[in-house]
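Mapping of the sequence shown onto the working numbering: position 28 corresponds to residue 28, and the numbering continues sequentially without gaps.
Worksheet: one structure, shown below.
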Amino acid sequence: MNEVFEKLLKSKFRTKFFLDDKMSQYVLEKGIKKIENDAKDLVSKRIAPKYIPNDGRQTPFKHHPVFIAQHATATCCRKCINKWHKFGLNYELTAIEQDYIVQLIMSWIKNNLN
Ligand SMILES: [Zn+2]
1 MNEVFEKLLK SKFRTKFFLD DKMSQYVLEK GIKKIENDAK DLVSKRIAPK
51 YIPNDGRQTP FKHHPVFIAQ HATATCCRKC INKWHKFGLN YELTAIEQDY
101 IVQLIMSWIK NNLN
């Protein structure tokens with residue numbers, strides 16, 4: 001995971017994402033556990049399925065800290081996950097793979113709280 005974070009830090013696109021005060025406040029108010037549950041839910045519904053009709057456009061750039069973290073960690077869609085994290089396409093992600101993605105998202109959020 002550290003290796004992938006080092007690579008992400010070299011990406012101009014991935015490093016432009018940050019949690020603003022409002023988003024940080026939201027995380028602190030809801031608590032890390034709740035945000036992690038949201039991350040699990042969003043990953044299982046929007047990222048894990050075998051077929052995602054709008055893959056590449058399913059992750060908004062606002063509304064939830066998990067969405068921001070997904071863009072920052074290249075876990076926003078299966079194409080980015082394939083390129084950055086080497087998981088294949090066109091199959092349902094395993095529980096272990098989904099967990100890896102959630103951990104990546106949560107590490108980024110914890111490291112980027114204001
Ligand atoms: Zn993507």
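For glycine and all other residues, C-beta sits at the position ideal for the given N, C-alpha and C.
Identify, in the order they occur along the chain, each residue of the same chain with its Cβ nearer than 8 Å to the Cβ of residue i, setting aside the five sequence neighbours on each side.
| i | result |
| --- | --- |
| Glu36 | Val102 and Met106 |
| Gln98 | Lys40, Val43, Ser44, Ile47 and Ala48 |
| Val27 | Leu19, Ile35, Pro65, Ile109 and Leu113 |
Looking at the unbroken alpha helix (DSSP H) that takes in residue i, where does it start and where does it end?
| i | result |
| --- | --- |
| Met106 | Ala95 to Asn111 |
| Pro53 | Taken as a continuous stretch (DSSP letters only), Pro53 belongs to no alpha helix (DSSP H), as it is neither H nor E. |
| Ala69 | Pro65 to Ala72 |
| Ile81 | Arg78 to His85 |
| Lys16 | It is not in any alpha helix (DSSP H) - Lys16 carries neither H nor E in the DSSP assignment. |
Identify whether residue i lies in helix, strand or coil by the three-state DSSP scheme.
| i | result |
| --- | --- |
| Gln58 | coil |
| Phe5 | helix |
| Ile47 | coil |
| Asn90 | coil |
| Asn37 | helix |
| Lys10 | coil |
Counting only the same chain and skipping the five closest in sequence on each side, list residues whose C-beta sits under 6 Å from that of residue i.
| i | result |
| --- | --- |
| Cys80 | Ala74 |
| Phe67 | Thr59 and Pro60 |
| His71 | Phe17 |
| Leu93 | Ala48 |
| Cys76 | Thr59 and Gln70 |
Using 8 Å as the cut-off, can you tell me whether the stretch 82–91 makes contact with the stretch 32–47, which would need three or more C-beta pairs spanning the two stretches below that distance? no
Decide if the stretch 97–107 is in contact with the stretch 55–64; the criterion is three or more beta carbon pairs, one per stretch, under 8 Å apart. Between the stretch 97–107 and the stretch 55–64 there are fewer than three inter-stretch CB-CB distances shorter than 8 Å, so the stretches are not counted as touching.
Test item, CB below 6 Å from any non-hydrogen atom of ligand 1: Residue list for ligand 1: Gly56, Cys76, Cys77, Lys79 and Cys80 (CB closer than 6 Å to any heavy atom, chain order).
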